[in-house]
Every structure is written in C-alpha cells, then in structure tokens.
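Peer 1: Numbering (my numbering), first residue to last: 2 to 624. Each residue gets a CB set at the ideal place from its N, CA and C atoms; glycine is no exception. This is the structure, below, for whatever I ask next.
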C-alpha cells in the first residue's frame, strides 16, 4: 500500500497509531535489503563478495591454472595443500578433498577459485539428449537444470557434487546458450591458461601454457585421480560441430537480485565463434590445406606458420616421451594397487574405453590410443616437413634437399632416443630401461589390460618376458586383445569385441621412413587419412568398426585433416568480425544515480508517514 502523505490523518482504534510507522519501517528495511543484497550475499556454500567475475578475477583464475600446471604435482589435492605453490592457499585447504577425474577436473578448478574469491559459481546439474545410450557420447545434449553455490551448505559439499559431472556436459552444439562453456575463435587472445579443451571421445583438459611458437600445453586428470601435462596435437580429437569439441571458455555469469545465476548469451560474448574451429580445411597467411592442429599453432605462434624442422622434430620427440612417462605412472599405480595379481575376469567390458570400476581406474586403452596417435602424428608431421623441403616451400626454414633433411633428422633421432627413456621394475624387482625407439618398436604390444603383469603392460618379449608370472589364462587374453591394441580410434557407446581392430597395425616407424628417404626414396606426395568424426563412425555397424581405418602404403592413418600438399597459394586468412550488435547496457554510474534517486523518494515518503503518526512536536523534529 502507498505511504500516507505528510499530515495525513491517522485513524483511531487499538494499535492503529503504530501501523503506518511499522509499515514504513518494514518497507524501508526490505528495500535496503534488496538494494545491498547484490553487493554481499550471505547464503549457501559461501558468501559472495561480488555478483560477477571481473577481468581481474579471470586473470587470477588464469594464473592459478598456470601455477597448477607448472607445479609438477601429481594430483590436485597435493597442489592446493602446498602453501608455497598454491597462490590462493588458506588453512582450510588442508581439510579439502579435491579428487577429480578428467571431466569434472575443469569444473572443480573453477569452483575452487570461485570459492576463494567468493564469486558466483553455477553449473548444469542435469542434461537431456536426443539419442539413446551413454550421455557422454550421445547427440543433442542440452542443459536441463542448474545449481549454484546457494544450493550447498559448504564448499566441500559443492566440490563433491561437482565430481558427478561427466564429459557429456561439454558435448553441446555451438548454438546452445545455457551451457557452462562455449566454443571460441582461435587466437592468441582467446587461448590462454584456464581455457578448456573438450575431446568428444570423452576427455577434457585445461590449457596452462602457450609458448611463443604456438604450442599449447594442457593439464588433465584421469580416473586414477592423477594429473598429466600433455602437449596439444593430433592425439586430441576435434569431432564435429554438433559435438562441440575443441577449445571452449567458461560462459560469463552473474548473480542477480532474484537470487539466481544468469548467463550471458552467445552474441554478447566477443570471442564466441560457432564455426572457426569447424572448417573442412584451414588456411592462414597464404598457406592452405592446414590441419586443425597446424592452424591452431599458426594462429598462436609469433612466427606464424613457418616451420623449423629440427626444433619441431625435437619438440615432438620430447612431447611423446612425456606421454610415455605419464603412462608409466598410470601403470605403476595399477601395480601398486595389486590389480595385476587378481584373476582375470575372462572377458572385457562391453566398451573398453568408457566403463567404470577397476577397469576405468586402472586400464589404459584410451591413454594408449592417444599415445599411438601421437606417434602417428609424429610420422605424418615428419613426412610433411620433408615434402616441404622437396618442393622448396618458403614456409620451411631449411635450404637443403629432402634426402639431406631426412639424413639430418635421422641423426637427431638417434642422438635423442637413448636420452628419452622410461624405466619399469619387472616382476622380479629388476629395473628395465627402454629407449624412445624401443617403445616405438613395441608400441602395439603394450597391454592396456590392468590384470596383466607389468611385463605385458610394457610389451616384453623373449628373455624380458621370462620374469612374468606364468598364467595361461592371462596370456590367452593378451593374445586375443591383439586387434584391439592395433586400433587407433577410440570408439565409445559401442561394443568393442576382441575381433575389433585391424589385423596389422599401421606403419608409424619414423626411423625406418627417414632411413628410406635418406637413402634416396622419394617422400610421399600424399598421406591419406581416415575421418575421426564419431557421428560417421557410430552410424556404422559395430562389426564394421575395424574397417573404418584406411591403411596407406608406407604411411599411417591419422585423425587429422591432410597436411598441406599443394603449391597453389590460397587467399590470406580473413577473420570474420561481423557480429550482431549486443543490446545496449546502462552504465553502472547511471544505474547508481537512478537507484539513489529512488532511495531518496522512499526515504522522503517514509519520513512523511512516520511524521504523520507522531505528535506535532515530535513530527517537527523528524522534518
């Protein structure tokens, strides 16, 4: 009801003289609660110090992820409890338990920073899908319901519920406007520490470093709760536009006066792009036919798309070596847990790549497949550099012939291989050291099965295998899993029978190929690659899955688009900048001016109401 005007007559009756005063004070108090609520909200898992993330807050988040990546800690708990490494450390971190796997790792990091800065945090807590089956690999995923910090009584309870998230929560088409993340255009200003990378094959990681030459380093978590720090490349799938794969960022949110989290729509986000990452082929500064991965690097590099063969070759070998070392840590965790001592179940999960229980925690089929694709990409990129030298491509910083380049790369390979080693302890307790090339030679013999002895996990043969415990059943399973070990594609939401996979593995022996070219063999003029589009793969019958990889003589297959192979010059890349104009927003100054004008009016009416209810002398003091 409206406030009485000054001097209004107060009706008589019991208590009637106090009603206008009570009403005025109540409404005034309610207004002030509403007005100041956005500044400090005290409810839920934590009280908010602000209602939205500023650029400075985003920088704190980015710096936190960078420090996490550089720390070298093997899991998230170790990092947050390290007062020297964690820039947001507080005594409460000693009691927190942050144990994410791959999908909820980015969410948990974001939630932790939101808690530390007392900022809003909201997330999709349930999704719907159009297709049947596992939502991690389904089609048409959309948000169904949401939660935020107000829904939980403590930070730890929120952190616990966030770990229920799976990779399907990233699997959304670019036009979805209520998802927690959105696809971005590729650029040095958009891909920075804290940016998410979603692999539609069921894996998620965070960017923590971008080098001057455009190489992206990621940090990711695994079902065994460990973290690794891989370099971005062909081992990460992009998928199709409808799957929403690729680089994504957190959607801007704010906490409204209605006590709800609100999300910024796509056309109001300056780095949103629905198509930049989903082109049939890519071009940049006159270079056409680039793969997605080459395009990303060219866009991020200070040297553009120029290729330095020896620097890049060394980097690729070192990157793969790090992947091998992370695999060694995962295998060691399995051995420490004693899974290899258990009897083999006698069969494999319905799908070896996406399951649960001991198999999810301690098997390595997905990790091993990514390692094989990394070696495959190494082969393809090496072949590409030699082809560039053969045609005198101005983009390569090398003036010699193709066979000379092959000979020099072969020499570099042989010098690095003995330095890039991995050591495992066999069943007899004796250390066994493998060089880079030895790992390559036995790559398709490495067992992903957690019930196998460590010798099988590292592809041992001959005398090296003699220390493995004799178990005819496990040996039989190892032999039957051969085709699956030859499989490079990670296929989810489909059965993966023992018969799946090619009879022979693809040829990805870089050293052998370099030896051939250095001896006079011509580099390949084209490398045929197989499509990694899961929508196409999943449309095929399961019994046909092993035929999806296209074998190529003298080469391997690849999930990447074909590398540049023509001499034609494409037009320079031109980024699309046209975008619908965002709605006009009222400035903070104008908002504050209007609010205080309203406050003055409310206070004036309240004074009149109170004065009207008091004796004349007291009312004069109010005025």
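Look at residue 321 and residue 437 and say whether their C-beta atoms are less than 9 Å apart.
Peer 2: Start at 1 with the first residue of the chain shown, and residue 321 comes out as number 320. Start at 1 with the first residue of the chain shown, and residue 437 comes out as number 436. Against a cut-off of 9 Å, the Cβ pair of residue 437 and residue 321 comes out as a contact.
Peer 1: In whole angstroms, what separates the C-alpha of residue 422 from that of residue 315?
Peer 2: As a working mapping, residue 422 is identified with position 421 in the chain shown. As a working mapping, residue 315 is identified with position 314 in the chain shown. Those two C-alpha atoms are separated by around 15 Å.
Peer 1: Kindly indicate which residue of 134, 251, 384 has the alpha-carbon position closest to the one of residue 496.
Peer 2: As a first step, residue 496 is located in the chain shown; it is residue number 495 there, counting from the start. Residue 496 has its Cα closest to that of 134, out of 134, 251, 384.
Peer 1: May I have the straight-line CA-CA distance separating residue 395 from residue 383, to the nearest angstrom?
Peer 2: Within the chain shown, the letter at position 394 stands for residue 395. Within the chain shown, the letter at position 382 stands for residue 383. Going from the Cα of residue 395 to the Cα of residue 383 covers about 17 Å.
Peer 1: Grouping DSSP H, G and I as helix and E and B as strand, with all else coil, what is residue 627?
Peer 2: Outside the modelled stretch of the chain, which goes from 2 to 624, sits residue 627, for which no answer is possible.
Peer 1: Taking residue 139 as the reference, which of 145, 148, 129 has the closest Cα?
Peer 2: Translated into positions along the chain shown, residue 139 becomes position 138. That would be 129, whose Cα lies nearest to the Cα of residue 139.
Peer 1: Check whether the Cβ atoms of residue 278 and residue 201 sit closer than 9 Å, and answer yes or no.
Peer 2: Against the chain shown, residue 278 aligns to sequence position 277. Against the chain shown, residue 201 aligns to sequence position 200. No; because the gap between Cβ atoms is not below 9 Å, this pair is not in contact.
Peer 1: What did DSSP end up calling residue 346 once you bin it into helix, strand or coil?
Peer 2: The residue given as residue 346 occupies position 345 in the chain shown. Residue 346 falls in the coil class under three-state DSSP.
Peer 1: Taking DSSP's pairing of strands, which residues face residue 125 in a bridge?
Peer 2: Against the chain shown, residue 125 aligns to sequence position 124. Its beta-bridge partners are 147.
Peer 1: Between residue 515 and residue 410, how many whole angstroms is the CB-CB distance? I'm expecting something under 8 Å.
Peer 2: For the purposes of this step, residue 515 is taken as residue 514 along the chain shown, with counting starting at 1. For the purposes of this step, residue 410 is taken as residue 409 along the chain shown, with counting starting at 1. The Cβ separation is near 6 Å, so the contact holds.
Peer 1: Could you tell me which uninterrupted beta strand (DSSP E) segments, each at least 3 residues in length, are contained entirely in the region 138-202, listed from first to last along the chain?
Peer 2: Counting only runs of 3 or more, we get 143-149, 182-184, 197-200.
Peer 1: Classify residue 73 as buried or exposed, calling it buried when 16 or more other Cβ atoms lie within 10 Å of its own Cβ.
Peer 2: Your numbering for residue 73 matches position 72 in the chain shown. So residue 73 counts as exposed.
Peer 1: Quick one: grab the DSSP three-state call for residue 328.
Peer 2: Here residue 328 corresponds to residue number 327 of the chain shown, with the count starting at 1. In this structure, residue 328 counts as helix in the three-state DSSP scheme.
Peer 1: Rank 485, 511, 492, 512 by C-alpha distance to the C-alpha of residue 503 and give the top, closest one.
Peer 2: Position 502 of the chain shown, counted from the start, is the residue given in the question as residue 503. With distances taken between Cα atoms, residue 503 lies closest to 485.
Peer 1: Go ahead and pull the three-state DSSP assignment for residue 426.
Peer 2: Here residue 426 refers to the residue found at position 425 of the chain shown. Three-state DSSP puts residue 426 in a strand.
Peer 1: With 16 as the cutoff for other CB atoms within 10 Å, does residue 342 come out buried or exposed?
Peer 2: Residue numbering aside, residue 342 sits at position 341 when the chain shown is read from its first letter. With fewer than 16 Cβ atoms within 10 Å of its Cβ, residue 342 is classed as exposed.
Peer 1: Just confirm the distance between the C-beta atoms of residue 294 and residue 235, as a whole number of angstroms; I'd bet it's less than 8 Å.
Peer 2: Along the chain shown, one-based indexing puts residue 294 at 293. Along the chain shown, one-based indexing puts residue 235 at 234. Residue 294 to residue 235, Cβ: 6 Å. Contact.
Peer 1: Once DSSP output is grouped into helix, strand and coil, what is the label at residue 662?
Peer 2: This structure cannot settle anything about residue 662, because the visible part of the chain is limited to 2 through 624.
Peer 1: Roughly how many angstroms lie between the CA atoms of residue 180 and residue 247, to the nearest whole one?
Peer 2: For this step, residue 180 is matched to residue 179 along the chain shown. For this step, residue 247 is matched to residue 246 along the chain shown. Each residue's Cα considered, the two are about 15 Å apart.
Peer 1: Along the chain, where does the beta strand (DSSP E) that runs through residue 210 open and close?
Peer 2: One-based indexing of the chain shown puts residue 210 at position 209. Looking at the DSSP string, the run of the beta strand (DSSP E) that includes residue 210 is 204-211.
Peer 1: For the 8 Å Cβ check, are there 3 or more pairs between the region 101-114 and the region 157-169?
Peer 2: As far as the Cβ criterion goes, the region 101-114 touches the region 157-169, which means the pair count is three or higher.
Peer 1: Could you tell me whether the region 212-229 touches the region 260-280, using the rule of 3 or more Cβ pairs below 8 Å?
Peer 2: Touching, no.
Peer 1: Under three-state DSSP, which class holds residue 49?
Peer 2: Here residue 49 refers to the residue found at position 48 of the chain shown. In this structure, residue 49 counts as strand in the three-state DSSP scheme.
Peer 1: What are the boundary residues of the alpha helix (DSSP H) that includes residue 254?
Peer 2: For this step, residue 254 is matched to residue 253 along the chain shown. Run containing residue 254: none in the alpha helix (DSSP H); it sits in the beta strand (DSSP E), 254-256.
Peer 1: Please return the same chain residues whose Cβ sits closer than 8 Å to the Cβ of residue 311, not counting the five positions on each side in sequence.
Peer 2: The residue labelled residue 311 in the question sits at position 310 within the chain shown. Contacts found: 409, 410, 413.
Peer 1: Out of 71, 230, 373, 98, point me to the one whose CA is closest to residue 85's CA.
Peer 2: In the chain shown, counting from the first residue as 1, residue 85 sits at position 84. Among 71, 230, 373, 98, the Cα nearest to that of residue 85 is on 71.
Peer 1: Tell me, which residues are paired with residue 229 by DSSP?
Peer 2: Taking the chain shown and counting its residues from 1, the one referred to as residue 229 is at position 228. For residue 229, which the question treats as bridged, DSSP gives the partners 221.
Peer 1: Could you tell me the alpha carbon to alpha carbon distance between residue 442 and residue 325, rounded to whole angstroms?
Peer 2: For the purposes of this step, residue 442 is taken as residue 441 along the chain shown, with counting starting at 1. For the purposes of this step, residue 325 is taken as residue 324 along the chain shown, with counting starting at 1. Between residue 442 and residue 325, the C-alpha separation is close to 13 Å.
Peer 1: Kindly list the residues whose CB is nearer than 8 Å to the CB of residue 178, restricted to its own chain and excluding five residues on each side of it in sequence; keep chain order.
Peer 2: Counting from 1 along the chain shown, the entry for residue 178 is found at position 177. Excluding positions up to five away in sequence, the list reads 264, 266, 267.
Peer 1: Determine the DSSP secondary structure at residue 398, reduced to helix, strand or coil.
Peer 2: The count along the chain shown starts at 1 and reaches residue 398 at position 397. Coil, per DSSP.
Peer 1: Any idea if residue 434 is buried or exposed, counting beta-carbon neighbours within 10 angstroms, 16 or more meaning buried?
Peer 2: Position 433 of the chain shown, counted from the start, is the residue given in the question as residue 434. Classification for residue 434: exposed.
Peer 1: Pop quiz: residue 256 and residue 144 are said to be a contact at Cβ under 8 Å. What is the actual Cβ separation, rounded to whole angstroms?
Peer 2: Here residue 256 refers to the residue found at position 255 of the chain shown. Here residue 144 refers to the residue found at position 143 of the chain shown. That belief does not hold up - the Cβ atoms of residue 256 and residue 144 are roughly 18 Å apart, past 8 Å.
Peer 1: Leaving aside the five residues before and after residue 494 along the sequence, list all residues of the same chain whose C-beta is less than 8 Å from its C-beta, in chain order.
Peer 2: Translated into positions along the chain shown, residue 494 becomes position 493. Answer for residue 494: 134, 135, 137, 138, 139, 352, 355, 539, listed in chain order.
Peer 1: Anyone know if the C-beta pair for residue 89 and residue 61 falls short of 9 Å?
Peer 2: Taking the first residue of the chain shown as position 1, residue 89 is located at position 88. Taking the first residue of the chain shown as position 1, residue 61 is located at position 60. In contact: residue 89 and residue 61 (Cβ atoms closer than 9 Å).
Peer 1: In three-state terms, what does DSSP make of residue 284?
Peer 2: Along the chain shown, read from residue 1 onward, the residue named residue 284 stands at position 283. Residue state, collapsed to three classes: strand.
Peer 1: Please state the DSSP three-state secondary structure of residue 262.
Peer 2: What you label residue 262 is simply residue 261 of the chain shown in a count that begins at 1. It is a strand residue.
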